[in-house]
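Worksheet for the structure shown next.
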Amino acid sequence: MADTRYLKQRRQGWYFQLGVPADLQAKAGRKVIVESLGTRDLVKAQKLRWPKVAQWTEAFERMRGNIPLTSAEIEEHAQRAFQSHLVEMDRMGKDRHVGGSSELFELGQQLELLADAAAAGDFGSVAREITEIEKRVGVEVPEGSREHRKLSEALMKAQYHAVMGRQHALQGRPYDPPPSFGSAPLIDPILLRPIRPAVAARPHRDGAGMRFTEAATRYIDELQRDDTAKVTEQTRMQHEAVFRLFGQYVHDAPLTDITGENASAFLEAVAKLHPCWGRSPATKKLTVWELLDRFAGGEEHLSNRTLNRYVSSLASVFKWAKKRQHYKGPNPFAEQGYAKPDPKETIWLPYRNDELSKLLRSSLLLGAVPSERIEPKQHGMKHCLMWLPLMALFTGMRSGELCQLHTDDLAEEDGVTYFRVHADREGQRVKTEAAIRHVPVHSMLIECGLLDYVRALPKGQLFPALKPGGPDQKLNWYFGKRFTTYRRSVGVNRRRVSFHSLRKNAAQALKNARATPAEIAELIGHERGFTVETYAPLELPMPALQELIERIAYPGLDLTHLLAR
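Residues 2 to 566 in the working numbering are what the sequence shown spells out, letter by letter.
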């Protein structure tokens, strides 16, 4: 019988599984550790489990406060230090304009000093790095302890091999550093051979075939070549961000050298990043190792949803390469997905009546006379806040659909005034084909003076104060940020509510009024949580659509202050 200790098979892929000790389950937040091993091969899985066992056994000891750092963490710090030394030496070489022979001489001297210091047990050259690690991680590694010595040795070894690598690079020669900078390797209890550490393995560069960065670049180029099929600019930037991280992580290895183990190690590393790690444009200049140094290890980390997006992006590169005959192996990101959260715990929620009252009965709206809303002398963002939430509440339209409306997007048919939701004009977008539709203007919006507001406008945007912004130059970019600020300022801070929640309110109001899922889809487009199937268009006549829109009502919500007098 095959030895499957610490292993579990799911959909042909192998996973590492280890029970969390009872005294640590509350701190760990789970009873069982389950991690993908990135392989369908049982023999490979059997080899890969032992580093995991060692890693988590030490992790449990750290949770108990018995050790400051695990061996895996020490190895990770050393790998980052190695990469940082290479980056710093390259930067200094460019800044100083040092000639090749002069720098080679200096590097040779540095290697001798490091070798002598290591032989004498003098770790002074890495003392500052250890202090920085202690501050960054929030631990104390006592001098003289076993962990302090292991960390010192690993950092010094990383520094030595970085200098050696720089020396080889200046001489035009390749250099393969050791796979681990840590202490003596563990022994596989079955095979009785050294096992590799559970950190990222550096792929061997044999120069054969297309490298990852080239494949990723060509994949993006092909993805964007046709304007009618290309992804949004925001999606492209998201792809490129994760491609950059992974390309650096595997040192731009050939596709043929990248394994499921590399993919799994990368995902485990970046999973520790703070959710906002990429918000600043300055992060584009940082290497993956520098990002991990600055943004990993805190209480907040990437969600499974984000990690699954990374997996999807990276798997697509290998799918493209295989389709274009640049790669023939298995996809290393197959079976690497993370558990998907329950939709009930992640979808946007509709606002409660008390929250709607705060949004629509704020000082901004209570203090404004009708003429200020209907015929403003100068259009500003406050007028967008006066109208757009109200319009979303009584139409179910998305913020992007509302913000891109023009005066000629209001039309009339069979005596019914309606909004044309379309993507015919340059710069206009709809989320899906089902989003192209006609939405009658609700009588409440008419009573509040919307048609008078439109008649007072010159031809053009319905909300002239809106300017395009963001990667895709969307008109709802700045408004979305401003609405969030406004929502919080009036005391609506509940999780999982946003501008999109107003659309949820409209869908729920229709559902409460006995509208069928197909009717709801006809009026507001498909909405997750309400319409879970694709319905054939009903193609309801305009009077029927008007009757449907008038079913939207909010009993108990007082909007009399908004009525045009």
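Ideal placement from N, C-alpha and C gives every residue a C-beta, glycine not left out.
Range of the contiguous alpha helix (DSSP H) that encloses residue i
| i | result |
| --- | --- |
| W388 | 382-396 |
| R63 | 43-64 |
| K512 | 501-513 |
| G248 | 234-250 |
| P544 | 543-550 |
| R483 | 478-490 |
| P518 | 518-525 |
| T214 | 213-224 |
| G401 | 400-404 |
| L366 | 364-367 |
| N354 | 354-361 |
| S444 | 444-448 |
| K378 | Premise fails: K378 is in no alpha helix (DSSP H) and is neither H nor E. |
| Y176 | First-last for Y176: undefined, no H or E at that position. |
| A29 | 26-29 |
| R570 | Coverage of the chain is limited to positions 2 through 566, which leaves residue 570 absent and any answer about it impossible. |
Given residue i as reference, the closest of the options once Cα atoms are compared
| i | options | result |
| --- | --- | --- |
| L451 | R374, L546, H275 | R374 |
| F464 | L476, G470, D453 | L476 |
| P69 | R137, T5, R50, M93 | R137 |
| V442 | V417, P459, R456, L367 | V417 |
| S400 | G481, S444, K323, E414 | G481 |
| G1 | G279, I525, H384, W57 | Lying before the first or after the last residue shown, residue 1 is absent from the chain, which here runs from 2 to 566. |
| M93 | M382, R81, L108, G461 | L108 |
| Y555 | E414, D355, R489 | D355 |
| G261 | T236, V318, G39, T229 | G39 |
| Q249 | K285, S281, R488, M90 | K285 |
| Q379 | L467, Y220, R167 | L467 |
| H78 | G66, L114, E130, K48 | E130 |
| W278 | A242, R310, V312 | A242 |
| R150 | R488, G122, I550, D410 | G122 |
| R483 | G381, A217, P52 | G381 |
| C404 | L411, C385, A412, F395 | C385 |
| P333 | V312, L411, L350, G298 | V312 |
| L458 | M445, E448, A507, L406 | L406 |
| R50 | F61, L360, L8, L361 | L8 |
| E376 | E269, C449, D410, N305 | C449 |
| S444 | I553, L360, E540 | I553 |
| E548 | T71, G557, L511, Q326 | L511 |
| K341 | G139, E551, R310 | R310 |
| R488 | K359, Q326, G461 | K359 |
| G183 | T408, F395, P52, E551 | P52 |
Delimiting residues of the beta strand (DSSP E) encompassing residue i
| i | result |
| --- | --- |
| F420 | 417-422 |
| K9 | 8-11 |
| I375 | Here I375 belongs to no beta strand (DSSP E); instead the alpha helix (DSSP H) covers 371-375. |
| F17 | 14-20 |
| A412 | 411-414 |
| T40 | 33-40 |
| H439 | 438-441 |
Own chain, CB closer than 8 Å to residue i, minus 5 neighbours either side, in chain order
| i | result |
| --- | --- |
| A272 | H302, L303, L308 |
| E141 | P69, E135 |
| P204 | Because the pLDDT at P204 is just 44, under 50, the model does not fix this residue reliably, and the value given afterwards should be weighed accordingly. The residues are V251, H252, A254, P255, D258, I259, T260, N263. |
| W57 | L19, I34 |
| L546 | V417, Y419, H439, V440, P441, E523, L524 |
| G66 | none |
| L265 | The question names Leu, but residue 265 in the sequence shown is Ser. Once the five neighbours on either side are set aside, the close Cβ partners of S265 are E36, S37, L38, G39, Q337. |
| M64 | L25, K28, A29 |
Cβ neighbours of residue i in the same chain (closer than 7 Å, five flanking residues each side left out)
| i | result |
| --- | --- |
| D253 | R212, F213, T214 |
| T561 | none |
| T288 | Q84, V88, Q249 |
| K383 | L365 |
| V200 | Bear in mind that a pLDDT of 42 at V200, under 50, signals an unreliable position, so the model cannot answer this. |
| A185 | With a pLDDT of 49 at A185, under the threshold of 50, the predicted position of this residue should be treated as unreliable, though the coordinate-derived value follows. Cβ neighbours of A185 beyond the five flanking positions: none. |
Own chain partners of residue i with C-beta closer than 6 Å, once the 5 adjacent residues on each side are dropped
| i | result |
| --- | --- |
| G14 | R41, E336 |
| S153 | F124, V127 |
| G470 | W478, Y479 |
| E414 | M543 |
| A60 | T71 |
* Asked: Is the number of C-beta pairs between the stretch 75-91 and the stretch 162-176 that are closer than 8 Å three or more?
  -> yes
* Asked: Can you list the alpha helix (DSSP H) stretches of 4 or more residues lying completely in the stretch 256-292, in chain order?
  -> Those alpha helix (DSSP H) runs which fall completely within the stretch 256-292 and span 4+ residues are 261-271.
* Below 8 Å, can you find three or more Cβ-Cβ pairs linking the stretch 487-494 to the stretch 407-426? -> Counting Cβ pairs under 8 Å, fewer than three are found: no touch.
* **Every unbroken alpha helix (DSSP H) inside the stretch 297-349 [4 residues or more]** => 305-324
* To do: Give a yes or no on contact between the stretch 356-368 and the stretch 284-294, applying the rule of three or more CB pairs nearer than 8 Å.
  => With a cut-off of 8 Å, the stretch 284-294 and the stretch 356-368 do not count as touching, because too few Cβ pairs lie within range.
* Is the stretch 215-229 in contact with the stretch 316-331, if contact means three or more CB pairs nearer than 8 Å? -> Judged by Cβ distances under 8 Å, the stretch 215-229 makes contact with the stretch 316-331, as three or more pairs qualify.
* To do: Count the C-beta pairs between the stretch 380-394 and the stretch 514-523 that are closer than 8 Å, then say yes if the count reaches three, no if not.
  => no
* Taking only runs that begin and end inside the stretch 113-148, name each unbroken alpha helix (DSSP H) of 4 or more residues, in chain order. => Taken in chain order, the whole alpha helix (DSSP H) runs of length 4 or more contained in the stretch 113-148 are 128-138.
* Hey, is the stretch 172-184 in contact with the stretch 111-120, meaning 3+ C-beta pairs nearer than 8 Å? -> no
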